[in-house]
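For reference, the structure discussed in these notes is given below.
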Amino acid sequence: MNNSSLESFSQYVAELHREFFVKVCSKWREIALTMRETVFDEDDNQHIDIHDIKCKEWGFLLKKLFGVTLGTGDYGHLTIDHSAMLLRHFRSMYHYSGQGFEASHKLHRQLYSRATNHDQAGPGESLDQILTHWYATHLLELRYTFREAVKCLDSGKKNFHFRGCGWRLKDQKITWSQEKMEWIRSMDRLLTDMFGTDFLEYEYDKVKGTQVSSSPVPAPGRPISPPSTP
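Just so you know, full-length UniProt numbering puts 218 at position 218 of the sequence shown, and the rest follows in order with no gaps.
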């Protein structure tokens, strides 16, 4: 083969690999959203079957690019071979996916290891500290839910739903009484007194993802300074 033929062949291989990479990334985005956010009804087995087929196609693409290891380790194996089965059984995987769950699991394991370190030097952690961390994590999650409920009331939405909540939008129609709405606002103020106010606000954009809001939020006791005039 002459140099021109080799160059054309190399160009074809490069374009083919680029096409495979684009397919892998685009298909993974759709699969990941299903695994992290979708809650299936009892009669949604057909949609789970479609998800299963998409996972198998994604697996063939990974094998073509990276070989039998798939380039993703156990996570790819779980997604391709077992995610559909788990969705059929639990109808949702939002509790068990994402880096937050993995990081939380590692942190709890480290805390427990340090609390029971009888064979190594170094300061140990008390059981009170482990429980404090555990309850603080869940209280912060509760605070976030109440904060989103207050935002829902202020915006006048008819359904209570926010990103990562784990329930379907149509199933959460707001039927709260005036007494319950006052209780929600009181709980939000109580949890804010416990943990402090938010110094940053975040907003979600379908193109850019989650990012810090451009509107400033004052720290406690510090009003926002007016913009300087030229």
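Where a beta carbon is used, it is the ideal one built from N, C-alpha and C, also for glycine. This structure is a prediction, so every number in the text was calculated from the model and none was measured.
Suppose the cutoff is 7 angstroms on Cβ atoms and the five residues either side in sequence are ignored; what does the same chain contact list for residue i look like?
i: residue 143; result: 191, 195
i: residue 148; result: 162
i: residue 188; result: 146, 147, 150
i: residue 47; result: 40
Taking just the CA atoms, how far does residue j sit from residue i?
i: residue 87; j: residue 141; result: 24 angstroms
i: residue 90; j: residue 68; result: 29 angstroms
i: residue 159; j: residue 204; result: 18 angstroms
i: residue 41; j: residue 166; result: 13 angstroms
i: residue 10; j: residue 17; result: 11 angstroms
i: residue 157; j: residue 164; result: 17 angstroms
i: residue 26; j: residue 19; result: 11 angstroms
i: residue 201; j: residue 146; result: 15 angstroms
i: residue 34; j: residue 76; result: 15 angstroms
i: residue 173; j: residue 14; result: 51 angstroms
i: residue 185; j: residue 32; result: 34 angstroms
i: residue 99; j: residue 7; result: With a pLDDT of 49 at residue 99, under the threshold of 50, the predicted position of this residue should be treated as unreliable, though the coordinate-derived value follows. Roughly 42 angstroms separates the two Cα atoms.
i: residue 44; j: residue 78; result: 21 angstroms
i: residue 177; j: residue 183; result: 10 angstroms
i: residue 181; j: residue 55; result: 43 angstroms
i: residue 30; j: residue 136; result: 33 angstroms
i: residue 52; j: residue 4; result: 43 angstroms
i: residue 50; j: residue 168; result: 19 angstroms
i: residue 84; j: residue 70; result: 18 angstroms
i: residue 209; j: residue 81; result: 28 angstroms
Could you tell me which residues DSSP pairs with residue i in its beta bridges?
i: residue 159; result: 173
i: residue 34; result: In the DSSP output, where bridge partners are listed per residue, residue 34 has none listed.
i: residue 132; result: DSSP output for residue 132 lists no bridge partner at all.
i: residue 166; result: Its beta-bridge partners do not exist; DSSP assigns none.
i: residue 210; result: 204
Ordered along the chain, which non-local residues of its own chain (more than five positions away) have a Cβ less than 8 angstroms from that of residue i?
i: residue 24; result: 58, 61, 62, 65
i: residue 138; result: none
i: residue 175; result: none
i: residue 21; result: 65
List the endpoints of the continuous beta strand (DSSP E) containing residue i.
i: residue 205; result: 202-205
So residue i is in the alpha helix (DSSP H); what residue range does that whole segment cover?
i: residue 88; result: 83-90
i: residue 42; result: Run containing residue 42: none; DSSP gives neither H nor E here.
i: residue 181; result: 178-195
So, for residue i: in the same chain, excluding its five sequence neighbours on each side, which residues have a beta-carbon less than 6 angstroms away from its beta-carbon?
i: residue 152; result: 160
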